[in-house]
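Residue numbering for the sequence shown follows this note's numbering, starting at 1073 and increasing by one per position.
Ideal Cβ positions, reconstructed from N, Cα and C, are used throughout, including at glycine.
The structure under discussion appears below in the form of structure tokens.
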Amino acid sequence: MIQRSYLRIFSIWLLIHCGGYSSAQPGASVSDLEKPKKFENRKLASEKDTDKKIGGLRRFTQNVTSHYNYQFNAYNELNDVVTSAKQSYKDDFSKLLSFYNYSLQDTKGQKAELDSVIHKTNNGILLHDLRSDWVDDMYMLMGLSYFYQDNLDSAAIVFQYINFAFQPRTKDELGYDKKIGSNMNATGNVYTISTKEKNNVFANTFKNKPKRNDALLWYVRTMIEKGNYNESWGLLETLRRDVQFPSRLKPDLEELEALWFYKQEIYDSAAFHLEEALDNAESNTEKSRWEYLIAQMYERSGKKDMAEDWYARSMKHTTDPIMEAWARISQIRLVTGENEELRIKENLAALNSMAKKSRYEEYRYMIFYAAAQMEMLRHQPDAAVAYLRKSINENLVDDAHKQRSFLLMAELNYSMKKWGPAYAAYDSVNLDQPDIPDGAMLAHRKSILGEVVKLQENIRVEDSLQHIARMPEEERKKYVKVLAKKLRKERGLKEEEAAPVTGTAAVPSAFDANVPADIFAENAGRGGEWYFSNSSLRSQGYRMFKGKWGNRPNVDNWRRITAINTQAIAINTREDGDAKPNAKTVPDDITSEGLMENIPLTPEALKVSNDTLESSYYQLGKIFKDRLDDCDETIINYENLLNKFPETNKQEEALFGLYSCYAKAGNTAKANFYKGFLEKNFSSGKYLRYINSPVQAKKDENAFNTAATKSYEDVYNSFIEGKFDQALEAKKKADSTYGENYWTPQLLYIESVYYIKNRQDSLAMSTLNNLIRLYPQSNLIMKAGNLLNVLSRRGEIEDYLTNLQVTRMKEDSIYQVEDLYIPKEKQQITQAPKPQAEVAAPPKTIVKQVDTTQFKAPEITKKAAGYSFNAAEPQKVALVLDKVDIVYVNEARQALNRYNREKYYSTPLEISIKPLNDDVKLVIIDSFPDAGAAVNYLENTRKVAQAEIFPWLPAGKWKFILLSGTNLDVLQEKKNVDEYIKFLQQAIPGKF
């Protein structure tokens, strides 16, 4: 009985795999295979004659081995590639979703796996009989692999081959070309291009479906991805009318039509066809995603009712809280009329309810972000900012989303003119990321807001201190005593202790109730002895850290100390005009006596305080007028300036600013009022000319600018050429005429270097501070910060070096660096005697192997004007400096040294200075093994020299050349650089 059962099972299996058309793959063929020599006479299974019928047993074995040894594994590997791409894909529900939840960029990144699929299918085809039932499946997998590699041309070729090779043929048509969709066929039906499939229970259950119809659809998909919309649409329409097109592929056809309309941005038609293709979704997650996309497309088509219905469906089916939240937001966006406010409240309540559930804990940051979007819809920016703050606090995993939240918070605060919070939020955004829109503009805005915040802080602090100064003496002493006690407590200091404060941390001043935020405040009251369970200890530790170390930036920077020093310099630098960031927020002595020193109780101290207030109001008005184009804020600050300081020397400019803003706002009465002031008090001033004769005033301004620029260029060149007395006198005269508006960072830098050379450190530091203040985006900022850092510790450094008995080189002298060469003793190598061979071997021809890893330049010598050039000889690179003082020659040498240590640390390069004549000096970089290495260094260095190495040096003052030792000697004798450069241009065309 058991044997009969096994026999019956085997018979059924054989019937399944051997039934049907005996020549299952009639069109496939393999020819002209290149085989290894060892196997060139062996015939593969795929090369055997396919015209004959295949026997049942052979067909059974070929089907089983090709299916389970090759097709099955290749299919699973391909499926894993797509699954992996889907898992790594991340949707942005605030934008129109992509049609598929993966991209070809993601799949082609798995090239090794896709190549493996191609390898398996290729082997499966070649090693098996082409009459098996799985050949078309393996060609199909091959085409899909090319498709997912984004190799669309190869994919299209494979799909076309399946279409041609596996089309239905009669026995008489085997071996002949057959027209597809033509009256020349036996059927005579031009509208039938698909393969008719058997549609009975047996075929649907046991038979493997032919893949030609699938290949037709994938060919259409490939054409759509390539942008061939006309060809793809024609094939889609043909398949739609094809009476033999199988019903099992109708959803796939609808999906492709939806994709075609989606690509063409015909969203209502795309949504209609995608509805019909929903059964193609592989899971409820994908189905709900397509439902969300359908809703988005209906919304873009203006069909709000249908969009709202599909958003509701996606919320019902999705398990993704992010999608659910965005679907709610989108529904609210569709609501108009009296119910809008009510619907927003209902959805906000629903989102808050979601946030309280533990299963949504991981997605709370997205839920709160969605709530912020809802508050923006009902024009509640303050509530939106509160939700964004919650979103940021809850977000511990998604850095990109946190950046988006900070950016939106910054934009909202900026729109509400909350400059401090806006600056803080912008400061938390990495504006260099490519996905940040208008990053350069936002970085510029952030820089301006930083100045605004510091100026407003000046006003707040000085107003507060003057208010304290006006108090009765006893009341003032009592107030200061309480304040000192409060500040010491916040810093964790004992009452009788008075610790000095370093760094850049800001201590709240007289009326500052904004103590540093305690990031652990939510754990307060939970008790426990562990440090992180005690909120008091944590707050104390936080303040002690801030007091000692300041606002240390959280950046990945191996030169962290340099970055911190630069930040400290920027904070403690004057910002605009005469306005200074108020150092009184960082008292050195947190005692009653120490705090009293900052209160302006004397006429001199009161004048300094008033000067700071006056300058701050002026600079704020100027920033809002010229850089932020905010007339409301301009009016506030200029009117404060004129009301509080009516005798200010900025009165004329402030009056003109007020006139311009009121005229722009259409307030003619106010504009004429301030114009009258100008006519009365500044009748011959330039600002009145701007009002009465703007064209002529513009011409005068251009002439003034041209003269100013020329004056400072002359000063700059005088400094570079070492005419220091002339440069200082000319700069003093130009400053009295033009002010600081025409300075350049290069001029300030070389001026500071001159002061350093003459040990006038205070002037050098003031000049460097001006550079940082006026040109925060300059390439010289880091160099200025380093110089300031060194100058602040100059005495300490010099004492240390003196104690070590280190002789400092004079900066105004030229030193010859001698290369010391110590020859090594020659080692005598004693070779062991070779044993004599008993039988003399015939002589062999020894072929010298060429080392192809080392390229040696051909020894071709070019000669002219006494110079010679051989590319194989060692070469030097020289920086030629024309009319540059030795102070800046030394600075250039040091800059090149720093560059070489950073970029060419593995190459031993020596730098020396050689004077050619009174005007020209050479900075020699020595040496390179041949001309190729030297030219490579020269070109790389020349590209970055002006921007990174010595940006303070005028472009016309320097150039790089190539020199051999011999040519250097000739050049020092002839002293004609131009002649030598002409020789180089002939010897190495296009390089000089």
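Residue environment, residue i, which counts as buried when at least 16 other CB atoms sit within 10 Å
{"i": "LEU1468", "result": "exposed"}
{"i": "TYR1301", "result": "exposed"}
{"i": "ASN1715", "result": "exposed"}
{"i": "ASN1962", "result": "buried"}
{"i": "THR1839", "result": "buried"}
{"i": "LYS1489", "result": "exposed"}
{"i": "MET1378", "result": "buried"}
{"i": "GLN2057", "result": "exposed"}
{"i": "THR1391", "result": "exposed"}
{"i": "MET1438", "result": "buried"}
{"i": "ASP1205", "result": "buried"}
{"i": "ASN1530", "result": "buried"}
{"i": "VAL1825", "result": "buried"}
{"i": "ASN1712", "result": "buried"}
{"i": "SER1487", "result": "exposed"}
{"i": "GLY1857", "result": "buried"}
{"i": "SER1808", "result": "exposed"}
Which of helix, strand or coil DSSP assigns to residue i
{"i": "ARG1998", "result": "One point to set straight first is that residue 1998 is Asp, not Arg, in the sequence displayed. Strand."}
{"i": "TRP2030", "result": "strand"}
{"i": "LYS1993", "result": "strand"}
{"i": "LYS1549", "result": "helix"}
{"i": "SER1477", "result": "helix"}
{"i": "LEU2035", "result": "strand"}
{"i": "THR1137", "result": "helix"}
{"i": "LYS2015", "result": "helix"}
{"i": "LEU1168", "result": "coil"}
{"i": "LYS1180", "result": "helix"}
{"i": "PRO1282", "result": "coil"}
{"i": "LEU1460", "result": "helix"}
{"i": "PRO1509", "result": "coil"}
{"i": "MET1543", "result": "coil"}
{"i": "ILE1366", "result": "helix"}
{"i": "GLN1403", "result": "helix"}
{"i": "TYR1432", "result": "helix"}
{"i": "ALA1737", "result": "coil"}
{"i": "THR1391", "result": "coil"}
{"i": "ARG1761", "result": "helix"}
{"i": "LYS1803", "result": "helix"}
{"i": "ARG1203", "result": "coil"}
{"i": "ARG1450", "result": "coil"}
{"i": "LEU1289", "result": "helix"}
{"i": "MET1488", "result": "coil"}
{"i": "ILE1798", "result": "According to the sequence displayed, residue 1798 carries Gln and not Ile. Note: GLN1798 maps to helix in three-state DSSP."}
{"i": "THR1193", "result": "helix"}
DSSP beta-bridge partners of residue i
{"i": "SER1984", "result": "ILE1996"}
**Message:** Just to confirm the assignment: which complete alpha helix (DSSP H) runs, minimum length 4, are found wholly within the region 1930–1982?
**Reply:** 1958–1975
**Message:** Which complete alpha helix (DSSP H) runs does the region 1659–1725 hold, if anything under 4 residues is left out?
**Reply:** 1664–1668, 1675–1698, 1703–1716
**Asked** Given 8 Å as the limit, is there contact between the region 2034–2045 and the region 1934–1945, that is, 3 or more CB pairs closer than that?
**Response** yes
**Asked** Should the region 1502–1518 be regarded as contacting the region 1659–1678, the criterion being three or more beta carbon pairs within less than 8 Å?
**Response** Verdict: no, contact absent.
**the region 1328–1347 in contact with the region 1362–1375 per 3-pair CB rule at 8 Å** = Segments in contact, yes.
**Request:** Indicate whether the contact test is met: 3 or more Cβ pairs, each with one atom in the region 1226–1234 and one in the region 1284–1292, closer than 8 Å.
**Result:** yes
**Asked** Would the region 1978–1996 and the region 1942–1954 be scored as touching if the rule is three or more Cβ pairs under 8 Å?
**Response** yes
**Message:** Three Cβ pairs or more, each shorter than 8 Å: is that satisfied between the region 1203–1216 and the region 1394–1405?
**Reply:** no
**Prompt:** Do the region 1772–1783 and the region 1738–1757 make contact, defined as three or more Cβ pairs closer than 8 Å?
**Reply:** no
**Message:** Please give me, in chain order, every unbroken run of the alpha helix (DSSP H) with length at least 4 that falls completely inside the region 1808–1846.
**Reply:** 1817–1829, 1833–1846
**Asked** When the Cβ atoms of the region 1849–1858 are set against those of the region 1829–1837, are three or more pairs found closer than 8 Å?
**Response** Under the three-pair Cβ rule at 8 Å, the region 1849–1858 does not count as touching the region 1829–1837.
**Touching by the beta-carbon criterion (3+ pairs, under 8 Å), the region 1690–1699 and the region 1539–1548** = no
**Asked** Looking at C-beta atoms only, is the number of pairs between the region 1525–1538 and the region 1660–1679 that lie closer than 8 Å three or more?
**Response** yes
**Message:** Does the structure place the region 1187–1201 close enough to the region 1160–1178 that three or more beta carbon pairs sit under 8 Å?
**Reply:** Three or more beta-carbon pairs separated by less than 8 Å are not found between the region 1160–1178 and the region 1187–1201, which leaves the two stretches without contact.
**Message:** Going residue by residue through the region 1308–1379, where are the continuous alpha helix (DSSP H) segments of at least 4 residues, counting only ones entirely within it?
**Reply:** 1322–1335, 1339–1348, 1356–1372
**Prompt:** Contact between the region 1459–1475 and the region 1434–1448: three or more CB pairs below 8 Å?
**Reply:** As far as the Cβ criterion goes, the region 1459–1475 touches the region 1434–1448, which means the pair count is three or higher.
**Prompt:** Do three or more CB pairs link the region 2025–2036 to the region 2046–2064 at distances below 8 Å?
**Reply:** yes
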